[in-house]
Ligand code: 6PG
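Pasting the structure below:
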């Protein structure tokens, strides 16, 4: 009896994804270089599901029905190439290899070509939802090879999260679009996490809220229009006690953020293809800055004159921060989605934006009820270049804008760092300005470098011999 699917890489994500596939009635074989992991696999499986752990690649490959459908869940980069090098000689024409890790999209393009030359299908597929999502229903972002996608589709639809009975998976576009969409998902994830952390900082430093009060605020936010996975887990974090100190765990965690690179890739990409996504950029660089803890400590002593004035009305302060966070989150999605629009043209991905927001509504880290509103916007107008241009969305924006401004102003006046909030507002103000002062920048460029400029009153490219007024 042959197995329907194979999973390579039995770490937390791989194992959970494998069990999820098995829970949905498919038989699955797993392989890991670590024989221990392969051996333990069967014990963790749900009763009556068909799961087999293998510790040799040959056994693994020959256990699979053809065309083989193999899912890789190994760390991005060299490990993926290492697996491919070992496994491709064992495969037959028509077999399918799906990379479900956070691989860089250009690596995926290279691998697609490489495997195609051997008659093999290779797909990049984003999977979001952490360990729990992988097991119970992630959001799945496949792209590339349509023939392979169609073969996998029924399985993907059954293991994915569901919203209103619809699976949170869809074809994300050609070539490496699946990885690209997941990369941008992560960039947006960075931005929203940054914004939430700033709201937290304003609430604890400005309004002096303790963790119990913060829990209540986030609980209330999560019960309304701000309902989302990241708000929900933040709520819970404020209730987690620390077994070592009996205080709250969050207060014992060192303020240095880690990052595996997908956020940075998103920013690099945006720079590369000319899209402005400053909230994501600032979220990436904030994590970098956070690592300079020693310097921050010295600088904070050197410039220690910050004085925080408590807001006059705590309740309306909290409400304003909530609205500011909601709007800044919306604008972060807008930036990420605008990157997808440009990338779709640039790389001929043909990314269906409507399906992207549809499948982000459930299972993934950035799922939120706000995405329902985006889904209706794209349903009406699938070609929106920026979600901020949608009429209904603009009404939401207008209703929250004052709060974003007053929250930003409060942070500025009180010296509470709020890179994400300030940047988001700055982006919004620039994006919604008809005449930017860059006419002056163009004049300067032409002045010192003869870089030329365009005019507002006639066609063409112009250069002027600018006159110095020295003497
Ligand atoms: C997900 C997450 C997941 C992840 C990344 C980013 O969608 O399930 O985005 O892929 O947490 O590894 O993590 P870093 O913060 O370490 O870059």
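In UniProt numbering, the protein residues as written are 2 to 472.
A virtual CB, placed ideally from N, CA and C, is assigned to each residue, including glycine.
As the structure is a computational prediction, the values presented were derived from the model and not from experiment.
Helix, strand or coil at residue i [DSSP, three-state]
i, result
"residue 90", "helix"
"residue 125", "strand"
"residue 306", "coil"
"residue 330", "helix"
"residue 184", "helix"
"residue 97", "strand"
"residue 204", "helix"
"residue 322", "helix"
"residue 142", "strand"
"residue 148", "helix"
"residue 386", "coil"
"residue 374", "helix"
"residue 170", "strand"
"residue 3", "coil"
"residue 419", "coil"
"residue 293", "coil"
"residue 249", "strand"
"residue 463", "strand"
"residue 276", "coil"
"residue 242", "strand"
"residue 339", "helix"
"residue 432", "helix"
"residue 348", "coil"
"residue 317", "helix"
"residue 159", "helix"
"residue 369", "strand"
Contact belief for residue i with residue j at Cβ below 8 Å, rounded distance in angstroms
i, j, result
"residue 31", "residue 47", "That belief does not hold up - the Cβ atoms of residue 31 and residue 47 are roughly 14 Å apart, past 8 Å."
"residue 185", "residue 340", "6 Å"
"residue 229", "residue 369", "3 Å"
"residue 17", "residue 135", "4 Å"
"residue 330", "residue 371", "7 Å"
"residue 194", "residue 323", "No, residue 194 and residue 323 are not in contact; Cβ-Cβ is about 17 Å, not under 8 Å."
"residue 149", "residue 158", "Residue 149 to residue 158, Cβ: 15 Å. No contact."
"residue 105", "residue 64", "Rounded, the Cβ-Cβ distance is 30 Å, inconsistent with contact."
Opening and closing residue of the beta strand (DSSP E) in which residue i lies
i, result
"residue 30", "29-32"
"residue 63", "Unbroken run through residue 63 is the alpha helix (DSSP H), 58-63; no beta strand (DSSP E)."
"residue 234", "No beta strand (DSSP E) holds residue 234; the alpha helix (DSSP H) holding it covers 230-238."
"residue 1", "Since the first residue of the chain shown is 2 and the last is 472, residue 1 is not available in this structure."
"residue 38", "It is not in any beta strand (DSSP E) - residue 38 instead sits in the alpha helix (DSSP H) that spans 36-45."
"residue 70", "70-73"
Burial state of residue i (16 or more Cβ within 10 Å)
i, result
"residue 467", "exposed"
"residue 293", "exposed"
"residue 244", "exposed"
"residue 456", "exposed"
"residue 409", "buried"
"residue 311", "exposed"
"residue 223", "buried"
"residue 413", "exposed"
"residue 326", "buried"
"residue 97", "buried"
"residue 44", "exposed"
"residue 441", "exposed"
"residue 247", "exposed"
"residue 112", "buried"
"residue 464", "exposed"
"residue 425", "buried"
"residue 153", "buried"
"residue 439", "exposed"
"residue 140", "buried"
"residue 109", "buried"
Where the alpha helix (DSSP H) containing residue i begins and where it ends
i, result
"residue 137", "131-137"
"residue 450", "439-450"
"residue 7", "Where residue 7 is concerned, there is no enclosing alpha helix (DSSP H), although the beta strand (DSSP E) it sits in stretches over 6-9."
"residue 107", "106-117"
"residue 396", "392-415"
"residue 19", "13-24"
"residue 165", "Taken as a continuous stretch (DSSP letters only), residue 165 belongs to no alpha helix (DSSP H), as it is neither H nor E."
"residue 215", "212-224"
"residue 354", "354-360"
Three-pair Cβ contact test at 8 Å for the region 171-191 versus the region 201-218: Here the region 171-191 does not lie against the region 201-218, with fewer than 3 beta-carbon pairs under 8 Å apart.
Three CB pairs or more closer than 8 Å across the region 446-457 and the region 342-355: Output reads no: the region 342-355 does not touch the region 446-457.
Contact the region 111-129 vs the region 2-12: 3+ CB pairs below 8 Å: Between the region 111-129 and the region 2-12, the count of C-beta pairs closer than 8 Å stays below three; the two stretches do not touch.
The region 409-423 / the region 376-391 touching (three or more Cβ pairs under 8 Å): The region 409-423 vs the region 376-391: no contact.
The region 159-178 touching the region 347-360, judged by at least three CB pairs closer than 8 Å: With three or more CB-CB distances shorter than 8 Å, the region 159-178 counts as touching the region 347-360.
Cβ contact check for the region 283-297 and the region 250-269: 3 or more pairs under 8 Å: Output reads yes: the region 250-269 touches the region 283-297.
Stretch pair the region 51-67 + the region 19-28: three plus CB contacts closer than 8 Å: Yes, they touch.
Three or more C-beta pairs below 8 Å linking the region 277-284 and the region 414-424: Between the region 277-284 and the region 414-424 there are three or more inter-stretch CB-CB distances shorter than 8 Å, so the stretches are counted as touching.
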